[in-house]
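Data block below; observations after.
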Amino acid sequence: MTIGLVRKFKQSILTLFQIIWQARLHFCVLPPCRVCGGVTSICSGYGRKFLECECCGLIFTDDYPEIAATRGMGMIGSWGGADVGGEREDFLVRMLAEVVNAEAFLLYGVGSTLAFPVLLSEKFDVCGCDVSSDVIAYRQAEFGSERFFHVNELQSRSKKYDAVIACEVFEHFHDPVKWVGIIVGRLTDGGTVCGTTNFYPGGTIEDNQKVGYMSINQHVAYWSEHSMARLMELFGMTLITFEMVCPGSIKPDLKFNDLFPNKRVFFASSDKNVIKRLQAIKDQSPVLQLDTSDYYHQAYREVR
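Structure, rendered in structure tokens:
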């Protein structure tokens with residue numbers, strides 16, 4: 156079977172799932188919210204059908220099946236190829252090491268970005284996981300299966316982490332309570348979950364960006380601060396969020412540098428001291444200084 160035929164077959168399967176999802180919405184009882192169990196209503200955007208929770212505000216869809224989301228970003232890394240990008244993960248590891256004395260880190264869904272080898276080279280205790288078999292094989296060839304593994308293995312592993320960092324991951328969760336529950340289960344007492352995603356600003360789902368955030372098929376959950384807070388409350392955690400100086404993809408990833416102005420950085424912990432320290436930073440400025448256009452680490456500035 157040629158590559159072209161394979162692509163057509165996959166697209167036909169995805170189209171079938173979209174048809175089934177839309178038929179389910181129109182002919183069956185609407186599913187409840189996947190976070191709080193609240194009543195949902197149908198909304199539309201980019202030719203897709205979504206459900207919006209009338210209680211917590213989570214917007215979600217099932218038109219892109221979880222079974223198809225097994226490749227992730229693959230080997231394209233941060234849109235630039237293997238061992239490119241990852242400044243967000245890098246920044247958050249260093250920030251949490253300094254602010255809350257975190258020592259053991261898991262980069263959840265980190266893909267093939269550069270952050271993982273850079274942080275290891277500087278003796279940070281970091282592990283990584285992903286859904287892409289290509290990425291896993293690539294990283295395990297150099298660092299072994301204890302340092303990098305499939306996300307499905309996380310629940311059965313004994314190692315615990317002071318912080319799990321999941322940048323651009325939560326929008327891919329079909330079952331956020333399940334996956335966040337697994338993540339929280341691998342935290343040390345009072346550990347921190349953090350990452351980045353877009354927050355729904357209200358109004359129409361369609362935005363004015365040249366690539367609409369929820370036009371991307373793999374994006375199946377559109378969070379708000381309220382819905383994210385409700386999710387974290389299920390696990391006894393408090394949410395703190397920040398805006399970003401550079402809301403598009405972090406430089407030098409210039410392909411999308413003007414996209415997604417609703418990007419947010421989020422932190423959640425059950426430790427009151429952790430929340431107190433993060434809130435003190437937010438009280439100084441609600442904007443996290445995560446603009447890496449002049450990021451000090453030379454590894455991210457090299458032309459590859």
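Residue 156 is where the sequence shown starts when you use the numbering used here, and the numbers rise one by one after that. Using N, Cα and C, we set each Cβ at its ideal position, and we do this for glycine too.
| Asked | Found |
| --- | --- |
| Can you check the region 317-382 for any alpha helix (DSSP H) of at least 4 residues that lies completely inside it and give the ranges in chain order? | 331-340 |
| Using a 10 Å radius around the Cβ and a threshold of 16 neighbouring Cβ atoms, would you call Asp408 buried or exposed? | Here the model assigns Asp408 a pLDDT of 42, short of 50, so the residue's position is not dependable and the matter cannot be decided. |
| By the 10 Å Cβ neighbour count, where 16 or more other Cβ atoms means buried, how is Leu274 classified, buried or exposed? | buried |
| Taking the continuous alpha helix (DSSP H) assigned at Arg243, which residues delimit it? | Glu242 to Val254 |
| Where does Ser276 sit, in a helix, a strand or coil, going by DSSP? | helix |
| To the nearest angstrom, how far is it from the Cα of Leu247 to the Cα of Ala435? | 16 angstroms |
| Leaving out five residues before and five after Thr352 in sequence, what residues of the same chain have Cβ atoms less than 6 angstroms from its Cβ? | Phe325, Glu326 and Trp378 |
| Indicate the three-state DSSP secondary structure (helix, strand or coil) for Pro407 in the structure shown. | Caution is warranted here: a pLDDT of 39 is assigned to Pro407, below 50, making its placement in the model unreliable, and no coordinate value can be reported. |
| Whose C-beta lies closer than 8 angstroms to the C-beta of Pro441 among residues of the same chain, with five residues either side of it excluded? | Phe397 and Glu398 |
| By the DSSP assignment, the alpha helix (DSSP H) with Ser288 in it spans what residues? | Ser288 to Phe298 |
| Whose CA, out of Leu206, Ile338 and Asp218, lies closest to the CA of Met387? | Ile338 |
| Which residue or residues does DSSP assign as beta-bridge partners of Phe421? | Gly350 and Thr396 |
| Checking contacts by CB at 8 angstroms: is Cys191 closer than that to chain B? | In the displayed structure, chain B is absent; only one protein chain is listed. |
| Based on Cα-Cα distance, which residue from Glu221, Val366 and Tyr263 lies nearest to Phe304? | Tyr263 |
| Please report the distance separating the alpha-carbon of Tyr355 from that of Lys418. | 9 angstroms |
| Using three-state DSSP, classify Lys427 as helix, strand or coil. | helix |
| If you reduce the DSSP assignment to three classes, tell me which class Thr195 lands in. | strand |
| From Thr347, Cys349, His329 and Asn363, pick the residue whose C-alpha is nearest to that of Val375; which is it? | His329 |
| Which two residues bound the contiguous beta strand (DSSP E) that contains Leu261? | Ala259 to Tyr263 |
| Can you tell me the Cα-Cα spacing of Arg294 and Ser267, whole angstroms? | 7 angstroms |
| Name the one or two DSSP bridge partners that Gly200 has. | Arg203 |
| Below 8 angstroms on the Cβ atoms is my contact criterion, and I expect Cys284 with Val306 to pass it. Report the Cβ-Cβ distance as a whole number of Å. | 5 angstroms |
| Using CA atoms only, rank isn't needed, just tell me which of Asp438, Pro220 and Gln177 is closest to Leu206. | Gln177 |
| Is it buried or exposed, Asp359, if we count other Cβ atoms within 10 angstroms and call 16 or more buried? | At residue 359 the sequence reads Thr, which differs from the Asp that was named. Label assigned to Thr359: exposed. |
| Residues in its own chain within less than 8 angstroms of Cys349 by CB, not counting five upstream and five downstream? | Leu247, Leu251, Ala318, Val319, Ile320, Ala321, Val420, Phe421, Phe422 and Ala423 |
| Do Gly340 and Gln373 have their beta-carbon atoms positioned less than 8 angstroms apart in this structure? | no |
| If distances are taken between C-alpha atoms only, which option among Lys431, Ala223 and Gln444 comes closest to Val255? | Lys431 |
| Just the C-alpha distance for Gly193 and Gly299, rounded to the nearest angstrom, thanks. | 43 angstroms |
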